[in-house]
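> One structure is given below, represented as structure tokens, and several questions about it will come after.
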Amino acid sequence: MIYYLERNQELNCTLDQAWDFFSTPRNLERLTPKSIGFKITHCKSKKIHVGQTIGYKIKVAPFIWVTWLTEITHVDALKSFVDDQRVGPYKIWHHTHSFEERDGKVQMTDQVTYVMPFGVIGTIAHAVFVRKQLNHIFNERNKLCAEIFSAKTSSTS
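Residue 476 is where the sequence shown ends in this note's numbering, and the numbering goes up by one at each step.
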């Protein structure tokens, strides 16, 4: 099965501020709930660019870590970028990050298309665990973004 997740969020910042933050791969650690145990293990560039690879470790269960490698496959500065999994927990992972300035704020959209590995076992894992975990990650990311960008905006006023 092909699964799809979409999240939209209004950020209280300028397009330049949003792009600067999200095009910095190391900021992904700040946007991932601590419960996931997310760690960047490989990232040579400070800013995203086409062809860049970023390596991670994520905790899928107590004491069980999975290696994840994504590649930045598309960048349209100040508008969008795409990361695709090369190695990791999914059979396919395609994540588009889009940004659009609206009325002095930024509409950010995450669109993820993914496929679970392991056939029927993957389908069951998705129903029991993965869907909930992804919703948790993206819900927490929305909360963290709201905190980060309200603080940024109020500190520059």
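Ideal Cβ placement from N, Cα and C applies to all residues, glycine included. Bear in mind the structure is a predicted one, so any value in this text is a computation, not a measurement.
Hey, would you say residue 413 sits closer than 9 Å to residue 401, going by beta carbons?
In this structure, residue 401 lies closer than 9 Å to residue 413 by Cβ.
> Can you tell me whether residue 339 is helix, strand or coil according to DSSP?
Looking at residue 339 - three-state DSSP - the assignment turns out to be helix.
> Per DSSP, what kind of secondary structure is residue 442 in: helix, strand or coil?
helix
> Going by DSSP in three states, residue 426 sits in which element: helix, strand or coil?
strand
> Go ahead and label residue 474 buried or exposed: buried means 16 or more other beta carbons lie within 10 angstroms of its beta carbon, across all protein chains shown.
Confidence at residue 474 is low in this model, with a pLDDT of 34, below 50, so the placement of that residue is unreliable and no value is reported for it.
> So, are the CB atoms of residue 324 and residue 461 less than 9 Å apart?
no
> Please determine, among 398, 379, 442, 350, the residue with the shortest C-alpha to C-alpha distance to residue 421.
398
> If I follow the unbroken beta strand (DSSP E) through residue 391, where does it start and stop?
Here the beta strand (DSSP E) through residue 391 covers 383 to 395.
> Along the chain, where does the beta strand (DSSP E) that runs through residue 419 open and close?
411 to 421
> Distance check for residue 415 and residue 367, CA to CA, integer angstroms please.
13 Å
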